[in-house]
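**Student:** Residue numbers (our numbering): 12 to 446. We put the CB at the ideal spot given by N, CA and C, even for glycine. Here it is, the structure in full.
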Amino acid sequence: MTEKRNEIGVAVLGFGTVGAGVVEILLAQGDLLAARLGVRVALRAVCDLDLDTDRGVEVPDGILSRDSAAAIARDDVDVVVETIGGCGIARTLVLDALRRGKAVVTANKKLIAEHGKELFETARANGARLHFEASVGGGIPILKALTEGLVANRILRIEGILNGTCNYILTRMESEGLAFDPVLHAAQEAGYAEAEPSLDIDGHDTAHKAAILASLACGKLVEAKDVAVRGIRGIDARDIRYAGDLGYRIKLLAHMACGPAGLEVSVAPTLVGREHLLSQVSGVFNAVLVEGDSVGTTLFYGRGAGRAATASAVVADIADAAEAIARGGAWRYERLPEAGEIARRPRGEEESRHYLRFSLRDTPGALARMAQTLGAHGIGIASVIQKEGEEGAKYVPVVMVTGKVKAAALEAALAAIAADGDWTEGETVSYPING
Ligand code: HSE
Numbered sequence: 012m013t014e015k016r017n018e019i020g021v022a023v024l025g026f027g028t029v030g031a032g033v034v035e036i037l038l039a040q041g042d043l044l045a046a047r048l049g050v051r052v053a054l055r056a057v058c059d060l061d062l063d064t065d066r067g068v069e070v071p072d073g074i075l076s077r078d079s080a081a082a083i084a085r086d087d088v089d090v091v092v093e094t095i096g097g098c099g100i101a102r103t104l105v106l107d108a109l110r111r112g113k114a115v116v117t118a119n120k121k122l123i124a125e126h127g128k129e130l131f132e133t134a135r136a137n138g139a140r141l142h143f144e145a146s147v148g149g150g151i152p153i154l155k156a157l158t159e160g161l162v163a164n165r166i167l168r169i170e171g172i173l174n175g176t177c178n179y180i181l182t183r184m185e186s187e188g189l190a191f192d193p194v195l196h197a198a199q200e201a202g203y204a205e206a207e208p209s210l211d212i213d214g215h216d217t218a219h220k221a222a223i224l225a226s227l228a229c230g231k232l233v234e235a236k237d238v239a240v241r242g243i244r245g246i247d248a249r250d251i252r253y254a255g256d257l258g259y260r261i262k263l264l265a266h267m268a269c270g271p272a273g274l275e276v277s278v279a280p281t282l283v284g285r286e287h288l289l290s291q292v293s294g295v296f297n298a299v300l301v302e303g304d305s306v307g308t309t310l311f312y313g314r315g316a317g318r319a320a321t322a323s324a325v326v327a328d329i330a331d332a333a334e335a336i337a338r339g340g341a342w343r344y345e346r347l348p349e350a351g352e353i354a355r356r357p358r359g360e361e362e363s364r365h366y367l368r369f370s371l372r373d374t375p376g377a378l379a380r381m382a383q384t385l386g387a388h389g390i391g392i393a394s395v396i397q398k399e400g401e402e403g404a405k406y407v408p409v410v411m412v413t414g415k416v417k418a419a420a421l422e423a424a425l426a427a428i429a430a431d432g433d434w435t436e437g438e439t440v441s442y443p444i445n446g
């Protein structure tokens, strides 16, 4: 019989925002965790190259060091927490820990979404645990919900607002009628958006999280490169306003559909009806809607980022690992996504309605010509609004909601419209409509 352990040792690599939050919770909630888990979680090491910055946490003597590799190698460290970020040194250290059979807990969505195959294979080969709850949705326990609470379900659909920075920008643009650039700058000043914001505003951070959700939902590895991505960079305040006139809000939505035709995962600015629960999610909050074949629709909402919320999810993973190690329990590798063929629906096969904004020549017959071109591509029009143009302008904005159409047919129609002389000016704006 395996002897029950009384203490499980933890090393935290990366003493930045999330790492400091994890250390703070481990130190403050030691007794609570011990009572709940039946084992004490002991902080053995906290490693960072920068030991001078004040993180606002009192760390006991002898814990702080710069040497992550040495901390991983210690016999009294069972769980290695990676809160460094990126795919450089973080990947090397995580692989090192897994090869030593240590449990690894990470909040690093980029690492999981881009190197999942290598990490999962290394974990399996070495009998090591790999937990990554905090990589998606910050403090929302969505991965646990997918893999445990909803284990009885085939997951048919996931819709998610997974990036707080983008949701903050879109919310302020709508509520204050502001343009994209000033709101991005305000978000940077408030510390919500990074100084280099492309990972967030170009949709890649959402795509990393969508890939992880899709992998767990369908059990096969979906990588970031498999996700079709459009971000919110430069989104036009007029479209937010016109969408509002039509009864919608624009959200950066991750979408996963898994049906008989295969899996499709995408990220795009999407119109969501004002009465829809996801359109009520504002500011830096995240939400994930999951549809299972037995449970129906479920919704998970909470803080998608931030020191304490993300640390809450990291500590939940540490607790899982510590409890299982203490009891000598084997891990469920079956729940880790496997590399392998997955039926993928060709991109753009799913039908949806679309919002379109043209700059149309202000001349009789122009609207009819537009409708005719769309009709020739099998696209019906559900509603049209022609906005007042500027005094004397040659082109006026026209906003349409189409009937259900595949993205490929829409692209062909928009290309035909663009090629049709000077009936329109500039590029047509097009966003899918949810539902
Ligand atoms: N940059 C992310 C966001 C948080 O704005 O939601 C970390 O995933």
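Any heavy atom of the ligand HSE closer than 8 Å to the beta-carbon of V295?
**Tutor:** yes
**Student:** Look at the alpha carbon of A118 and the alpha carbon of I329, and state the distance between them as a whole number of angstroms.
**Tutor:** 12 Å
**Student:** For L257 and L224, I'd like the C-alpha separation in whole angstroms.
**Tutor:** 31 Å
**Student:** Could you check the C-alpha separation between K155 and L173 for me, to the nearest Å?
**Tutor:** If I take the Cα positions, the gap works out to 16 Å.
**Student:** Bridge partners for F296 per DSSP, in chain order?
**Tutor:** R314
**Student:** Given 8 Å as the limit, tell me if A379 has its C-beta closer than that to any heavy atom belonging to the ligand GDP.
**Tutor:** Only the ligand HSE can be found as ligands here, which leaves the ligand GDP out of the picture.
**Student:** List the endpoints of the continuous beta strand (DSSP E) containing P193.
**Tutor:** Looking at the DSSP string, P193 is not in any beta strand (DSSP E); the run it does join, the alpha helix (DSSP H), is F191 to E200.
**Student:** Across which residues does DSSP place Y406 in a beta bridge pair?
**Tutor:** The partner list for Y406 (beta bridge, DSSP) reads R372.
**Student:** Quick one: residues in its chain with C-beta nearer than 6 Å to the C-beta of G315, no 5 flanking neighbours on either side, listed in chain order?
**Tutor:** G148, G149, G175 and N297
**Student:** Tell me which same chain residues have a C-beta within less than 7 Å of the C-beta of N164, skipping the five on either side of it?
**Tutor:** G303, D304, S305 and V306
**Student:** Drop a sphere of 10 angstroms on the beta-carbon of S186, count the other beta-carbons inside from all chains shown, and report buried for 16 or more, exposed for fewer.
**Tutor:** exposed
**Student:** Going by the CB atoms, is the gap between A139 and K121 shorter than 9 Å?
**Tutor:** The answer is no: Cβ separation not under 9 Å.
**Student:** Using the Cβ count rule (16 or more neighbours within 10 Å means buried), how would you classify P455?
**Tutor:** Lying outside 12 to 446, the shown extent of the chain, residue 455 is not represented and no answer is given.
**Student:** Can you look up V326 in the DSSP assignment and give me helix, strand or coil?
**Tutor:** helix
**Student:** Secondary structure at L167, three-state DSSP: helix, strand or coil?
**Tutor:** Annotated three-state conformation of L167 is strand, per DSSP.
**Student:** Along the alpha helix (DSSP H) that carries L263, what are the first and last residues, could you check?
**Tutor:** Unbroken run through L263 is the beta strand (DSSP E), Y259 to G270; no alpha helix (DSSP H).
**Student:** Kindly give me the distance between the Cβ atoms of A424 and H365, rounded to whole angstroms, as I take these residues to be in contact under 8 Å.
**Tutor:** Contact flag wrong, Cβ pair sits at about 10 Å.
**Student:** Taking L195 and E93 to be in contact with their CB atoms under 8 Å, please state how far apart those CB atoms are, rounded to whole angstroms.
**Tutor:** The Cβ separation is near 29 Å, so there is no contact.
**Student:** Taking the beta strand (DSSP E) that G273 belongs to, which residues open and close that run?
**Tutor:** Here the beta strand (DSSP E) through G273 covers G273 to G284.
**Student:** On the premise that A272 lies in contact with E360, defined as a C-beta separation below 8 Å, what is that separation, rounded to the nearest angstrom?
**Tutor:** 7 Å
**Student:** CB-CB under 7 Å to R260, same chain, minus the five flanking residues each way: which ones, in chain order?
**Tutor:** E185, A254, V283, R285 and S290
**Student:** Hey, how far is the Cα of R77 from the Cα of G20?
**Tutor:** 18 Å
**Student:** What residue does the alpha helix (DSSP H) around I74 start on, and which one ends it?
**Tutor:** Per DSSP, I74 belongs to no alpha helix (DSSP H) and is neither H nor E.
**Student:** DSSP on C98, reduced to helix/strand/coil?
**Tutor:** coil
**Student:** Would you mind giving the Cβ-Cβ distance between T321 and V29, rounded to the nearest angstrom? I have them listed as a contact below 8 Å.
**Tutor:** 5 Å
**Student:** Just reading off the beta strand (DSSP E) that V52 is part of, what are its end residues?
**Tutor:** R51 to C58
**Student:** Does the ligand HSE have a heavy atom nearer than 8 Å to the CB of D213?
**Tutor:** no
**Student:** Please state the DSSP three-state secondary structure of G25.
**Tutor:** Three-state result, G25: coil.
**Student:** So which of K236, V412, G432 and A337 has the shortest CA-CA distance to R380?
**Tutor:** G432
**Student:** Mapping DSSP to helix, strand and coil, what is V91?
**Tutor:** strand
**Student:** Can you tell me whether A46 is buried or exposed, with buried defined as 16 or more other CB within 10 angstroms of its CB?
**Tutor:** exposed
**Student:** Strictly by DSSP, which residues pair up with M184?
**Tutor:** Per DSSP, none; premise fails for M184.
**Student:** Let me confirm a value: I444 is counted as buried when at least 16 other C-beta atoms fall within 10 Å, else exposed. Which label applies?
**Tutor:** buried
**Student:** The alpha helix (DSSP H) spanning Y253 covers which residue range?
**Tutor:** Run containing Y253: A248 to D256, per the alpha helix (DSSP H) assignment.
**Student:** Would you be able to state if there are at least three C-beta pairs under 8 Å between the stretch 385-400 and the stretch 409-424?
**Tutor:** As far as the Cβ criterion goes, the stretch 409-424 touches the stretch 385-400, which means the pair count is three or higher.
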